[in-house]
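First up is the structure itself, then whatever we jot down about it.
Residue numbers (the working numbering): 5 to 729.
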């Protein structure tokens, strides 16, 4: 039985023989059709202690005129993740070649392959060197490359356990005048017990989770005991905190509606944490000036989150996480707001229809976040904490024993510091004023997975990324090595308009949040986010490429080293006139605290730069603004930033303009940026250092990169692969 050939191939196998001493197959062949680029068909089988693979592959590296009549030996090495092909090693002439024409015969095992012989082998070859020295060679009586011990044969089986195929161990015979086909004996049926591979043992959890359903209506949820219990707990909490009073609706007033929202809360590993039912007001029906006034409420900047973790890693501070249950219900309303009765809430019989006069900031109200933050700020200030002037969601307290820090994002908080007793006192104080949930060491915060080890903290979004890939419907195994194709410049007119841009906008919006821990996709996401208004087919292809890159780098994330210093440095760069549509430049910068990447940006400039120097100088001004904020934030964290912070720039003209107080027609249109950078340069806040383009780390935020340069930059930015333990 001869393996199938491609239609355009004109190759005939002439001899096939196994050499047990080398665990390789000897193939002899010759062509019947001479042509340029003709293909040779080879079949090889490679096995190790755990794997048997049969490979049929084609390559066109042979001579265009004839084939080498000597036997060829081929060994499969590995999949080429960074190339479009499969890495194979050819013993003669001892070269590593990459072929795209590969078919794996996984249904044909080593001991079940038939032998082919058509005679006429012109020469013999030296044996292939043993690539698997730890594996004993199969004997002539039995071939069992999977395991050292075979289970006993089934007595009821009609097949003999000794019916293994035998192979001629002699070298290839001399050419025969009349070739005779050699028929292999029938292989026996394997009695090995099939077990699930270790890397697939956890997939039943994801399968089980996929069957969970979140109801969308009260009628649907009321039939499930789990959701009934969740709604009961929510109503009990609302009544306990005195969220409303039942009153008659005053004349001239209107009551807003409300609804139930259902969510299955999961842990970082995807398992179910709890069923959460939340009653929310339909705040979109509120009227400004009547039902609410101000709505702004500060939350922690994600740069502050990364900076806090980096400082904690360097100073070996523990990180703790706490959650406030029903946080918004602690906020007190100053406006007069009425709400209809919740679905499922029974009104006392014999009374006129009632409405809820809200006393607390119910979820869904426009002013609810602001009311909660005001309540929390006033409460924690009673414990001696002060809010940072540069991130109002960062609270700190200094004492003789050290510093205690708290970073708040709505109702989630991170607590750290070197004052161990102060941390315990803070937890106790919060528990006395709010209903708190102590989540222990920081592990999962706002979708960010935080893992710790002796060498620091790791920050990833693997679960979030996996869910995003599933939402896009990417089920194949194709991956790419860069998030955006090299020299690919998207515009507004190529491709066909998308009939429905909803999925495109959802994916891009999710990718924007993924850049919190993935600076390697910042530039690519910055590009595709420019076409949200009218995306086209080529833009969607670019989004899918980002997702395929993420699929191959699922567990990549940031590493905050415990051995890192706390010296701040910055890199600033710009890609002049890189946008093919409006010729605006792209600003890119990044900040490292020691070896830890804490802040970065990729953004198109608001005006057209007339020269590369102007584009670089505008990028310097943006970098300086971020530098000032980080210096002030680090001071509140207890980090000394009195020395000048170096900014690395690869444009000498921009550096010269900053150092020389000269204005002329080439610089007057960027005069404000010049004054801004020069002022802080003279004040000693920063210093400008020239760096080569090869060492410019911010280059990754301004333009597409070839794969080699791209991998070099993400390595220097301390982006590492963090596999789950």
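For every residue, glycine included, the Cβ atom is placed at its ideal position computed from N, Cα and C. Source: prediction; values computed, not measured.
Relative to the Cα of residue 503, the nearest Cα in the group 593, 540, 437 belongs to 540.
Excluding five sequence positions before and after residue 359, the CB atoms of its chain that fall closer than 8 Å to its own CB belong to 250, 251, 252, 253, 259, 342, 343, 344, 345, given in chain order. Residue pairing for residue 453: DSSP places it in a beta bridge opposite 448, 464.
Per DSSP, residue 688 has no beta bridge partner at all.
The alpha-carbon of residue 575 is positioned some 41 Å away from that of residue 429. Residue pairing by DSSP places residue 586 opposite no residue, since no beta bridge is assigned to it.
Fully enclosed beta strand (DSSP E) runs of no fewer than 3 residues occupy 590–597, 600–608 of the region 578–634, in order along the chain.
Distance from the Cα of residue 644 is smallest, within the candidate group 689, 453, 654, for 689. In the structure shown, residue 289 adopts helical secondary structure according to DSSP, grouped into three states. By the beta-carbon neighbour count (other beta carbons within 10 angstroms, threshold 16), residue 536 is exposed. With contacts defined by Cβ atoms closer than 8 Å, residue 419 and residue 427 form a contacting pair. For residue 248, the secondary structure class from DSSP, reduced to helix, strand or coil, is strand.
In the displayed model, residue 306 falls within a helix according to three-state DSSP.
For residue 707, DSSP records no beta bridge to any residue. Annotated three-state conformation of residue 720 is helix, per DSSP. Taken in chain order, the unbroken stretches of beta strand (DSSP E) that lie wholly in the region 343–427 and span 3 residues or more are 359–362, 398–403, 406–413, 416–421.
Between residue 619 and residue 558, the CB-CB gap reaches or exceeds 8 Å.
Per the coordinates, the alpha-carbon of residue 488 lies some 17 Å from the alpha-carbon of residue 608. Beta-bridge analysis with DSSP links residue 441 to 327. If you draw a straight line from the Cα of residue 300 to the Cα of residue 371, it is about 8 Å long.
The secondary-structure analysis by DSSP pairs residue 265 across a beta bridge with 282. In this structure, DSSP gives residue 506 a helical state, which the three-state scheme calls helix. Secondary structure of residue 573 (DSSP, three-state): strand. Relative to residue 647, the option among 604, 691, 677, 624 whose CA is nearest is 691. Cβ-Cβ distances below 8 Å link residue 511 to 472, 475, 476, 547, 551 in the same chain, with the five nearest sequence neighbours on each side left out; the list follows chain order. In this structure, the CA atom of residue 439 is about 17 Å from the CA atom of residue 386. Straight-line measurement puts the Cα of residue 384 at about 11 Å from the Cα of residue 436. Contact between residue 705 and residue 490 is ruled out by a C-beta separation of about 16 Å, above the 8 Å threshold. In this structure, 217 is the residue among 601, 686, 217, 221 with its C-alpha nearest to the C-alpha of residue 276. Distance from the CA of residue 606 to the CA of residue 596, rounded to the nearest whole angstrom, comes to 16 Å. Residue pairing for residue 693: DSSP places it in a beta bridge opposite 652. DSSP, reduced to helix, strand and coil, places residue 550 within a helical segment of the structure shown. In the structure shown, the three-state DSSP call for residue 469 is helix. For residue 526, the uninterrupted alpha helix (DSSP H) run begins and ends at 526–532, by DSSP.
Inclusion of residue 286 and residue 261 in the CB contact set at 8 Å is warranted, their separation being smaller than that value.
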